[in-house]
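Asks: This is the structure, below, for whatever I ask next.
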Amino acid sequence: MRFKYYRNLNQHETYVTTKKQLKNHFSSLADLDILFGLTRQFEWDSRCPQHPKITGVVVAEASVHRDRTLDLSFFPIARNTYSEVAYEEFNHDILADLQRWVGEQIEKPDTAIVGVEQLVVEWGGNKHLLHYVTFL
């Protein structure tokens, strides 16, 4: 597991989880790259022409690529729009969902891998929404 930080946050921003929480959930995955702040906000890959409409803020994204590389990306969110309750929900429920999803992707046989599998976590203001996408 490799952690990479690309930008420092200002006092009005936060990430939805911590390095410690991620180690608790994903310590068994040695080939996982965890990226904090690679980009300021999430953008869909240009190879994904049909994707769900996002109305909230994307706070996290997990990707499994054809070559079986794994990465988790976290994006900054304004502290005043992300409550402590949302933080707790993410770290107890959504991280478990991410862990389960990554495990399912790893267990797939090589013949079942079509392209890039992506799980996008959106904060809609009052709840987290999960979006599953596959693209070549």
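First residue of the sequence shown? That's 537 in my numbering, and the numbers climb one at a time after it. We put the CB at the ideal spot given by N, CA and C, even for glycine.
Give the secondary structure of L631 by DSSP, where H, G and I count as helix, E and B as strand, and everything else as coil.
Replies: The sequence position of residue 631 within the sequence shown is 95, counting from 1. Annotated three-state conformation of L631 is helix, per DSSP.
Asks: Comparing C-alpha positions only, which one of A566, V595, S564, R604 sits nearest to T617?
Replies: Walking along the sequence shown from the start, residue 617 turns up at place 81. Taking only the C-alpha atoms, the option nearest T617 is V595.
Asks: Do you know offhand how far E625's Cα is from K663's?
Replies: Here the question's residue 625 lines up with position 89 in the sequence shown. Here the question's residue 663 lines up with position 127 in the sequence shown. So the two alpha carbons sit approximately 9 angstroms from each other.
Asks: Drop a sphere of 10 angstroms on the beta-carbon of V621, count the other beta-carbons inside from all chains shown, and report buried for 16 or more, exposed for fewer.
Replies: As a first step, residue 621 is located in the sequence shown; it is residue number 85 there, counting from the start. Exposed.
Asks: Sort F539, A566, L565 by Cα distance to T553 and report the nearest one.
Replies: Locating residue 553 in the sequence shown gives position 17, counting from the first residue. Taking only the C-alpha atoms, the option nearest T553 is F539.
Asks: What did DSSP end up calling I649 once you bin it into helix, strand or coil?
Replies: As a working mapping, residue 649 is identified with position 113 in the sequence shown. Looking at I649 - three-state DSSP - the assignment turns out to be coil, as it is neither helix nor strand.
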